[in-house]
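Engineer: Residues in the sequence shown are numbered from 1 upward in steps of one, following our numbering. Backbone N, C-alpha and C define an ideal beta-carbon position, used for all residues, glycine too.
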Amino acid sequence: MSGLEIERIAAFNDNYIWLLHAADGKATAVIDPGDAGVVRAALDRNGWTLTHILVTHHHADHTGGVAELKAATGCTVVGWREDAARVPGIDMALAEGDELTIGSHPARLIAVPGHTSGHVAYHFFDDCALFCGDALFSLGCGRIFEGTPGQMWESLLKLRALPDETRVFCAHEYTNSNADFALSIDPDNAELQKRADAIIRLRETGKSTVPSSLGEEKRINPFLRADDPALLRAAGLEGMDAENAFAEIRRRKDHF
Ligand code: ZN
Ligand code: FE
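(1) For N189, which three-state DSSP category applies?
(2) Could you tell me the alpha carbon to alpha carbon distance between F137 and R108, rounded to whole angstroms?
(3) With 16 other CB atoms within 10 Å as the buried threshold, where does F256 fall?
(4) Could you check if A258 is buried or exposed, using at least 16 other CB atoms within 10 Å of its CB as the buried criterion?
(5) When the Cα of R86 is compared with those of A71, L69, H105, G64, which residue comes out closest?
(6) Quick one: grab the DSSP three-state call for G79.
(7) Where does H58 fall in DSSP's three states?
(8) Name all residues in chain order for which at least one heavy atom of the ligand ZN lies closer than 7 Å to the residue's CB.
(9) Roughly how many angstroms lie between the CA atoms of V55 and L202, to the nearest whole one?
(10) Please say whether A171 and H52 have beta carbons closer to each other than 8 Å?
(11) Is there a C-beta anywhere in chain C that falls below 8 Å from the one on L130?
(12) Tell me whether G140 sits in a helix, a strand or coil according to DSSP, three-state version.
(13) Measuring CA to CA, which of D186, H123, W48 is closest to T73?
(14) At a cut-off of 7 Å, is N15 close to the ligand FE when judged by its beta-carbon and the heavy atoms of the ligand?
(15) Could you tell me which uninterrupted alpha helix (DSSP H) segments, each at least 4 residues in length, are contained entirely in the region 90 to 168, listed from first to last along the chain?
(16) How big is the Cα-Cα spacing for Q151 and L157?
(17) Roughly how many angstroms separate the alpha carbons of M92 and P33, rounded to a whole number?
(18) Alpha carbon to alpha carbon, how far is W18 from E204? Give it in angstroms, no decimals.
(19) Compare the Cα-Cα distances from T116 to each of C141, V78, Y16, T166 and report the closest residue.
(20) Within this structure, are the beta carbons of D164 and K218 separated by less than 8 Å?
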């Protein structure tokens, strides 16, 4: 089913802000509006009225436009109860597993701490759409600023458990450099090579690589494969347990 329009708004250097519009006209949501100006322009262009702001985490490039948009529209600001103190203007403080609806489109909050201790994702399960902020990127994952590698790995396992057909709407266009890193530790992976070539072609023509498919991420994103013997062998981490292997892969990426 759909009837949920999803528009990509580019912001700053490499951020994506996602605008969601229920085709019945009853609701419009924005995920992580770091910049109010580009969101207001997109709303005006479409003739949509903002009803909800969904926040994945407190970083300024995801929340910088919240106050202005809320003041201008009176919309409802949604975030995770555990991090409510850092979500500006929060009105609806959800717990893990809680659902909200945008028009007739339900979404479930999934807690994915690691990048920050209060990071969440929103899964629109009927629409096969995951908005995961800076937790999971195409071929990458967020830097661990506040959590531990073990916590981040647990968070990514929750996302990995979602259906393959899920579209992954992450918050940054980092795919090209993520592909370079992924190939550096898994150079003989034919599917990864193919995706890396496709990414280069997309970027050369100014196109976005996001959303990606979760099924593909499960197969070629090294940060979702810390328990995959084939990846561990390629990366020289044979026999290491998943949590330590994940920590080592994340450490290598930090220094890549
Ligand atoms: Zn962030
Ligand atoms: Fe970010």
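Structural biologist: With the structure as the only source:
(1) Mapped onto the sequence shown, residue 189 falls at position 189. Coil, per DSSP.
(2) Start at 1 with the first residue of the sequence shown, and residue 137 comes out as number 137. Start at 1 with the first residue of the sequence shown, and residue 108 comes out as number 108. Taking the Cα positions, F137 is about 19 Å away from R108.
(3) The count along the sequence shown starts at 1 and reaches residue 256 at position 256. Answer is exposed; the Cβ neighbour count stays below 16.
(4) Look at the range of the chain in this structure, 1 to 256, and you will see that residue 258 is not part of it.
(5) Translated into the one-based positions of the sequence shown, residue 86 becomes position 86. Taking only the C-alpha atoms, the option nearest R86 is G64.
(6) Along the sequence shown, read from residue 1 onward, the residue named residue 79 stands at position 79. In the structure shown, G79 adopts extended strand secondary structure according to DSSP, grouped into three states.
(7) Here the question's residue 58 lines up with position 58 in the sequence shown. In this structure, H58 counts as coil in the three-state DSSP scheme.
(8) Sorted by chain position, residues whose beta-carbon lies closer than 7 Å to a non-hydrogen atom of the ligand ZN are H57, H59, D61, H62, H115, T116, G133, D134, G142.
(9) The residue given as residue 55 occupies position 55 in the sequence shown. The residue given as residue 202 occupies position 202 in the sequence shown. The alpha-carbon atoms of V55 and L202 are separated by roughly 28 Å.
(10) Translated into positions along the sequence shown, residue 52 becomes position 52. Translated into positions along the sequence shown, residue 171 becomes position 171. Contact: no.
(11) The structure shown contains no chain C, having only a single protein chain.
(12) Here residue 140 refers to the residue found at position 140 of the sequence shown. Note: G140 maps to strand in three-state DSSP.
(13) Here the question's residue 73 lines up with position 73 in the sequence shown. Of the candidates D186, H123, W48, W48 places its Cα closest to the Cα of T73.
(14) The residue given as residue 15 occupies position 15 in the sequence shown. For the ligand FE, at least one heavy atom lies less than 7 Å from the Cβ of N15.
(15) 149 to 160
(16) The residue labelled residue 151 in the question sits at position 151 within the sequence shown. The residue labelled residue 157 in the question sits at position 157 within the sequence shown. Computed Cα separation, rounded: 10 Å.
(17) As a working note, residue 92 is residue 92 in the sequence shown. As a working note, residue 33 is residue 33 in the sequence shown. If you take the alpha carbons of M92 and P33, they lie about 17 Å apart.
(18) Numbered from 1 along the sequence shown, position 204 holds the residue referred to as residue 204. Numbered from 1 along the sequence shown, position 18 holds the residue referred to as residue 18. Approximately 22 Å between the Cα atoms of the pair.
(19) Taking the first residue of the sequence shown as position 1, residue 116 is located at position 116. Minimum Cα distance to T116 is reached at C141.
(20) Residue 164 sits at position 164 when you count from the first residue of the sequence shown. Residue 218 sits at position 218 when you count from the first residue of the sequence shown. Taking 8 Å as the Cβ cut-off, D164 and K218 qualify as a contacting pair.
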